[in-house]
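Visitor: Here it is, the structure, as structure tokens.
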Amino acid sequence: KAKLRAGESTCYYENEHDESMMKDLRIANELTAALRREEIDVHLQPKVELSTGKIMSFEALARWNSPELGTIAPDVFIPVAEKNGKIRMLEQSLLKRVLSWLKTRQDKGLELSQVAINVSTDHFFHHSFIPYLVDQTAEYGIEPKWIQLEITERIGFVDIETAYKVFKQLLNYGFASSIDDFGTGYSSLSYLQKLPVTEIKIDRSFINNMHEQQTLAIVRTIIQLAENLGMRVVAEGVETEEQKRMLLALGCRIGQGYFYYRPMSLDEANLL
Ligand code: C2E
Ligand code: MG
Ligand code: MG
Ligand code: MG
Numbered sequence: 451k452a453k454l455r456a457g458e459s460t461c462y463y464e465n466e467h468d469e470s471m472m473k474d475l476r477i478a479n480e481l482t483a484a485l486r487r488e489e490i491d492v493h494l495q496p497k498v499e500l501s502t503g504k505i506m507s508f509e510a511l512a513r514w515n516s517p518e519l520g521t522i523a524p525d526v527f528i529p530v531a532e533k534n535g536k537i538r539m540l541e542q543s544l545l546k547r548v549l550s551w552l553k554t555r556q557d558k559g560l561e562l563s564q565v566a567i568n569v570s571t572d573h574f575f576h577h578s579f580i581p582y583l584v585d586q587t588a589e590y591g592i593e594p595k596w597i598q599l600e601i602t603e604r605i606g607f608v609d610i611e612t613a614y615k616v617f618k619q620l621l622n623y624g625f626a627s628s629i630d631d632f633g634t635g636y637s638s639l640s641y642l643q644k645l646p647v648t649e650i651k652i653d654r655s656f657i658n659n660m661h662e663q664q665t666l667a668i669v670r671t672i673i674q675l676a677e678n679l680g681m682r683v684v685a686e687g688v689e690t691e692e693q694k695r696m697l698l699a700l701g702c703r704i705g706q707g708y709f710y711y712r713p714m715s716l717d718e719a720n721l722l
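Take a look at the structure:
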């Protein structure tokens, strides 16, 4: 009897596993079609000066409203795109949308803002990464300083030597860079000083929990570290007046979050 039960439970887990694999496969197939049809949209979320709410720059975030599957969150489709070799194509298409938005504004004589693009590990370490950026910014006639690249610290920068070289090239070409979700990776704080990046973003989970003394101490340390290294520091996920107040008291000047703005369409961003 016990044996039978064990068998049943194995069978159950296999089914569940198959089901989630089927779902991923379905998303992967639809995603390929969506990329071909240029259905992946870009939304922008401002990074603001905490004290005044003045917009300093934007972050581009992928949005997908599939006619077949409905609205799918980036936390779902980005990992699928990464697993299925589609992430570079997706991020290149977001870059083009952003460059085209900037070019339209430039042609109209409107003010430009820096826009950050999220770049996944495979894309960041791909040999075409820098050449594509250089080529496309030139193609659209946009100066590299308007484009920032955000790379999540979650990847841990296993290959620190290569990461260093890529960041250095970005810097040399005049692109801005940023380490996203800082504090969530496995890297020590000291490795940061080796990387020529211009910004670090403190992960939302820390900003959420600043009422805890330990978390507050971590946030304080990250802000001091960034200051010592001459990097810009951005607090992610600022949702309350209290968080804004605490961050300002710690010497953090820039933040991003629902307290100020939610991500918005390019048309909405044009109205700001
Ligand atoms: P991220 O790069 O850390 O982006 C910030 C995420 O936090 C965004 O979620 C944003 O909408 C959300 N957020 C901003 N302010 C607040 C706040 O005050 N409270 C809360 N609760 N959330 C806030 P989104 O757009 O769902 O994106 C989730 C993640 O998906 C991003 O995290 C990023 O890691 C990834 N992602 C999105 N687009 C791309 C992309 O083009 N490439 C790659 N590699 N990843 C992307
Ligand atoms: Mg980001
Ligand atoms: Mg982030
Ligand atoms: Mg984050």
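According to the UniProt record's numbering, the residues represented by the sequence shown are 451 to 722, in order.
Glycine included, each C-beta is placed from N, C-alpha and C at the ideal position.
How is Asp572 classed by DSSP in three states: helix, strand or coil?
Guide: Numbered from 1 along the sequence shown, position 122 holds the residue referred to as residue 572. Reduced to three states, the DSSP call for Asp572 is helix.
Visitor: Can you list every residue whose CB sits closer than 5 Å to some heavy atom of ligand 2, going in chain order?
Guide: Matched residues: Asn568, Glu600 and Asp630.
Visitor: Taking three-plus beta-carbon pairs below 8 Å as touching, is the stretch 616 to 636 in contact with the stretch 645 to 655?
Guide: A contact between stretches requires three or more CB pairs, one per stretch, nearer than 8 Å, and the stretch 616 to 636 meets this requirement with the stretch 645 to 655.
Visitor: So Lys694 and Gly680 are in contact, right, with Cβ under 8 Å, and what is the actual spacing, rounded?
Guide: Counted from its first residue, the sequence shown places residue 694 at position 244. Counted from its first residue, the sequence shown places residue 680 at position 230. That pair is no contact at about 24 Å.
Visitor: Determine the direct distance from the alpha carbon of Leu675 to that of Ala484, and round the result to whole angstroms.
Guide: In the sequence shown, the residue the question calls residue 484 occupies position 34. In the sequence shown, the residue the question calls residue 675 occupies position 225. A straight-line Cα-Cα distance of about 42 Å links Ala484 and Leu675.
Visitor: Using the Cα positions of Cys702 and Val526, report the straight-line distance between them to the nearest angstrom.
Guide: On the sequence shown, position 252 is the one that residue 702 refers to. On the sequence shown, position 76 is the one that residue 526 refers to. Taking C-alpha positions only, Cys702 is separated from Val526 by approximately 31 Å.
Visitor: Please list the terminal residues of the continuous alpha helix (DSSP H) segment that includes residue 740.
Guide: Lying before the first or after the last residue shown, residue 740 is absent from the chain, which here runs from 451 to 722.
Visitor: Does the Cβ of Gln495 have 16 or more other Cβ atoms within 10 Å, making it buried, or fewer, making it exposed?
Guide: Here residue 495 refers to the residue found at position 45 when the sequence shown is read from its first residue. Classification of Gln495: buried, given that the 10 Å Cβ count is 16 or more.
Visitor: For Thr612, count the other beta carbons within 10 Å of its own beta carbon; 16 or more makes it buried, fewer makes it exposed. Which is it?
Guide: Numbered from 1 along the sequence shown, position 162 holds the residue referred to as residue 612. With fewer than 16 Cβ atoms within 10 Å of its Cβ, Thr612 is classed as exposed.
Visitor: Near Val492, which residues of its chain fall below 6 Å by C-beta distance, leaving aside the five closest residues on each side in sequence?
Guide: Counting from one through the sequence shown, the residue named residue 492 turns up at place 42. Apart from sequence neighbours up to five positions away, the residues of its chain that approach Val492 with a beta-carbon distance below 6 Å are Ala510, Leu544 and Arg547, ordered along the chain.
Visitor: Using DSSP bridges, identify the partner residues of Arg682.
Guide: Translated into positions along the sequence shown, residue 682 becomes position 232. DSSP output for Arg682 lists Glu649 as bridge partner(s).
Visitor: Starting from the C-beta of Glu458, find all residues in its chain whose C-beta is less than 6 Å away, skip the five residues before and the five after it, and write them out in chain order.
Guide: Within the sequence shown, the letter at position 8 stands for residue 458. For Glu458, the predicted model reports a pLDDT of 46, less than 50, meaning its position is unreliable and no value from the coordinates is stated.
Visitor: Starting from the C-beta of His573, find all residues in its chain whose C-beta is less than 7 Å away, skip the five residues before and the five after it, and write them out in chain order.
Guide: As a first step, residue 573 must be located in the sequence shown, where it is residue number 123. Ile537, Arg538, Glu541 and Phe579.
Visitor: Spell out the partners DSSP gives Gly520 in its beta bridges.
Guide: The residue labelled residue 520 in the question sits at position 70 within the sequence shown. Answer is Ser516.
Visitor: The beta strand (DSSP E) with Asp491 in it runs from where to where?
Guide: On the sequence shown, residue 491 is found 41 positions in, with the first residue counted as 1. Element bounds for Asp491: Asp491 to Glu499.
Visitor: Under 8 Å by Cβ, that's how I've got Tyr710 and Val498 pegged, so tell me the actual separation to the nearest angstrom.
Guide: Position 260 of the sequence shown holds residue 710. Position 48 of the sequence shown holds residue 498. Yes, they are in contact, since the Cβ atoms of Tyr710 and Val498 sit about 5 Å apart, within 8 Å.
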